Amino acid sequence: MKRATFCSDPAKASSCANGSVRRASRRLGQIYDEAFLPCGLKATQYSLLSQIARSGQPKMRDLAQVLVMDLSALGHTLKPLVRDGLVELQVDEADRRSRRVLLTEAGHLKYCEARKISERVSQVFDKTFGVEETVKLREALDFIASEDFARSLLNELQSSEA
Numbered sequence: 001m002k003r004a005t006f007c008s009d010p011a012k013a014s015s016c017a018n019g020s021v022r023r024a025s026r027r028l029g030q031i032y033d034e035a036f037l038p039c040g041l042k043a044t045q046y047s048l049l050s051q052i053a054r055s056g057q058p059k060m061r062d063l064a065q066v067l068v069m070d071l072s073a074l075g076h077t078l079k080p081l082v083r084d085g086l087v088e089l090q091v092d093e094a095d096r097r098s099r100r101v102l103l104t105e106a107g108h109l110k111y112c113e114a115r116k117i118s119e120r121v122s123q124v125f126d127k128t129f130g131v132e133e134t135v136k137l138r139e140a141l142d143f144i145a146s147e148d149f150a151r152s153l154l155n156e157l158q159s160s161e162a
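If you read the sequence shown in the numbering used here, its first letter stands for residue 1, the second for the next number, and so on.
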């Protein structure tokens with residue numbers, strides 16, 4: 001497989017980090033959506049199932065925070081998974097105002113099926129993009145998604161406006 005090359009033309013490279021990250025996210029989402037067609041999931045749904053599987057029985061608020069989503073967007077994304085019997089919402093016994101998100105048995109099986117596809121796409125991504133570059137990219141994106149980065153960037157923006 002031919003390895004992809006980076007854009008070296010500054011005129012074609014984006015000067016806006018937000019635009020670049022969103023374009024890359026849409027492109028990667030399209031690739032994963034196509035890869036997940038055989039199991040009937042979208043990339044966003046797989047991400048949800050994956051996070052629920054890693055978290056056990058997370059509260060909706062905690063799941064939304066980890067995924068950097070607001071509660072209404074999370075609820076909207078969960079609806080088809082609940083409808084299809086892959087996920088169940090239960091009232092939290094310790095805090096009846098909260099709901100917990102659980103994988104059903106069917107959800108766990110679907111997650112395992114989709115995880116194999118995800119692992120294959122990740123292997124091809126690593127091969128195409130480069131293993132070292134992939135590690136650096138994930139580290140950078142995880143940092144950008146962190147609360148610390150958001151707080152720091154917003155504080156800097158507010159102080160530079162003053």
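Ideal placement from N, C-alpha and C gives every residue a C-beta, glycine not left out.
Here the structure is a predicted model, which is why all the values come from computation and not from measurement.
Element boundaries [alpha helix (DSSP H), containing residue i]
{"i": "residue 131", "result": "131-144"}
{"i": "residue 149", "result": "147-161"}
{"i": "residue 33", "result": "17-35"}
{"i": "residue 54", "result": "43-55"}
{"i": "residue 60", "result": "60-66"}
Residue i - containing beta strand (DSSP E), residue span
{"i": "residue 99", "result": "99-103"}
Which of helix, strand or coil DSSP assigns to residue i
{"i": "residue 90", "result": "strand"}
Local Cβ density within 10 Å of residue i, reported as buried at 16 or more and exposed below that
{"i": "residue 138", "result": "exposed"}
{"i": "residue 114", "result": "buried"}
{"i": "residue 2", "result": "Unreliable placement is indicated for residue 2, whose pLDDT of 47 sits below 50; the coordinate value is still reported in the next sentence. Exposed: under 16 other Cβ atoms inside 10 Å."}
{"i": "residue 38", "result": "exposed"}
{"i": "residue 107", "result": "buried"}
{"i": "residue 163", "result": "Outside the displayed span of the chain (1 to 162) sits residue 163, for which this structure offers no information."}
{"i": "residue 103", "result": "buried"}
Cβ pair residue i, residue j closer than 8 Å
{"i": "residue 145", "j": "residue 68", "result": "yes"}
{"i": "residue 117", "j": "residue 53", "result": "no"}
{"i": "residue 43", "j": "residue 29", "result": "yes"}
{"i": "residue 64", "j": "residue 49", "result": "no"}
{"i": "residue 96", "j": "residue 58", "result": "no"}
{"i": "residue 51", "j": "residue 81", "result": "no"}
{"i": "residue 41", "j": "residue 127", "result": "no"}
{"i": "residue 71", "j": "residue 61", "result": "yes"}
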